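For the record, in the sequence shown the residue sitting at position 182 is 473 according to this note's numbering, with numbers rising by one throughout. Remarks on the structure that follows.
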Amino acid sequence: MSDKQSNEIKRPVVLITGGSSGIGLALAEQFAQHGYDLVLVARNCRKLEQAADLLRDNFQCTVIPLSLDLTAEDALDDLIGELHTRDIELDVLVNNAGLGDYGPFHRSDQDRITAMLRLNIIALTALTRRFLPVMISRGKGRILNVASVVAFFAGGSNWASYVASKHYVLAFTRGLRSELAGTGVSITALCPGPASTEFVDSSGVGASRVYHWLPKTSLSAVASTGYRATMAGRTSATPGLLNKLFAFLGELPPRGIAQAVFAFLSRGSKAVTTNRKVTR
Ligand SMILES: NC(=O)c1ccc[n+]([C@@H]2O[C@H](COP(=O)([O-])OP(=O)(O)OC[C@H]3O[C@@H](n4cnc5c(N)ncnc54)[C@H](OP(=O)(O)O)[C@@H]3O)[C@@H](O)[C@H]2O)c1
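Written as structure tokens, this is what we have:
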């Protein structure tokens with residue numbers, strides 16, 4: 292095995308779920324650039340290997356790709372087993388993997404909704420629960436949860452379950468943040484607006500006015516905001532001025548006004564068509 296392909300961890304370690312593409316891969320690049328070795332978790336082996344090769348070539352870091360479906364019953368035990376076998380302790384956990392679903396809820400696919408809630412909420416919560424005790428006992432560690440700018444809204448029509456799942460991620464992060472005060476462990480929510488990734492098509496969110504009207508943030512800008520906020524131990528971070536304003540609107544009292552504006556923005560945009568199949 293060449294040095295480049297060595298699986299030996301020599302530097303601080305970050306585990307990134309969904310690190311094989313989009314925002315997760317951009318975060319992996321940020322951490323690698325700042326001297327971290329990486330554990331990447333996603334389902335598709337080929338994409339994982341491609342991402343790992345790219346990161347090793349560009350940053351001379353160690354990358355361990357783990358192919359796991361985080362919605363599966365045994366995924367967490369399998370992941371802990373893999374880390375244990377390799378004697379890896381995490382310095383940073385990034386809960387990034389997420390699914391979306393856009394369209395009228397009554398016509399949504401129940402299996403997809405279940406998988407989305409398992410990934411966006413259950414897996415993120417369970418991973419945090421599993422890694423926090425060790426971080427607290429070591430007196431150091433950082434967790435980054437990838438939410439969304441829509442997390443600042445208490446509800447969103449046409450993507451009610453997705454928005455609620457991201458609202459959970461933000462609320463969970465804020466709650467834990469106070470609980471972790473004085474432990475040496477920080478927790479941060481990254482709340483990006485629209486960014487061009489596979490998620491936009493796979494979730495159908497590209498058909499919303501939010502995605503049509505808010506400018507796209509580059510993946511490198513999303514990732515560098517996330518990295519800096521994590522290292523600074525901030526509670527949340529939203530890249531881009533318009534996204535920040537949008538986030539601010541979501542929390543303005545009275546919340547009914549923000550909800551009405553968001554309901555308007557959550558409608559389908561006539562300028563965008565989507566080929567996504569909707570089950571009845
Ligand atoms: N793109 C945006 O506009 C945007 C805006 C705000 C927030 N976000 C959030 O950003 C996060 C990343 O999304 P993205 O835009 O980068 O999408 P993406 O390019 O589709 O990436 C999703 C990643 O998650 C992995 N993944 C999906 N299901 C998984 C599962 N069951 N188990 C393990 N890994 C799984 C995917 O790999 P496999 O398919 O191989 O498993 C992939 O690596 C999500 O939480 C999303 O909600 C995105």
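All residues carry an ideal CB built from backbone N, CA and C; glycine is no exception. Here the structure is a predicted model, which means the values were calculated and not measured.
Check                                                                                                                                                            : Outcome
Sorry if obvious, but does the Cβ on A476 come closer than 7 Å to a heavy atom of ligand 1?                                                                      : Note that residue 476 is Val in the sequence shown here, rather than Ala. The answer is no for V476.
Check whether the Cβ of L505 sits closer than 7 Å to any heavy atom of ligand 1, and report yes or no.                                                           : no
So, for S515: in the same chain, excluding its five sequence neighbours on each side, which residues have a beta-carbon less than 7 Å away from its beta-carbon? : Q321
Looking only at its chain, what residues have a beta carbon closer than 8 Å to the beta carbon of G473, apart from the 5 residues adjacent to it on each side?   : none
Please state whether DSSP places I355 in a helix, a strand or coil.                                                                                              : strand
What does a CB cutoff of less than 6 Å around G559 pick up in its chain, not counting 5 residues either side in sequence?                                        : A498
For a minimum of 4 consecutive residues, which ranges assigned as the alpha helix (DSSP H) are wholly contained in the stretch 323 to 393?                       : 336 to 350 and 366 to 376
How many whole angstroms separate the CB atoms of T479 and A414, which I take to be in contact at a CB cut-off of 8 Å?                                           : With a Cβ gap of about 18 Å, T479 and A414 do not count as contacting.
Determine, using beta carbons only, whether G315 and E489 come nearer to each other than 8 Å.                                                                    : no
Rounded to the nearest angstrom, what separates F471 and I427 at their Cα positions?                                                                             : In the sequence as displayed, the identity of residue 471 is Leu instead of Phe. Each residue's alpha carbon lies about 8 Å from the other.
Skipping 5 residues on each side, what residues in its chain have a beta carbon closer than 7 Å to that of L410?                                                 : L361, T362, A388, G389 and L390
For V332 versus L381, is the C-beta distance shorter than 8 Å?                                                                                                   : no
Tell me the DSSP bridge mates of V441?                                                                                                                           : V441 pairs with nothing; no bridge assigned.
By Cβ distance below 6 Å, which residues in the same chain neighbour T570 in space, the five residues on each side in sequence not counted?                      : Low confidence applies here, because T570 scores a pLDDT of 46, under 50, leaving its location unreliable; read the following figure in that light. Only D400 meet the Cβ criterion.
Considering only their Cβ atoms, is the gap separating S527 from C482 smaller than 8 Å?                                                                          : yes
Could you spell out where the beta strand (DSSP E) holding A480 opens and where it closes?                                                                       : V476 to L481
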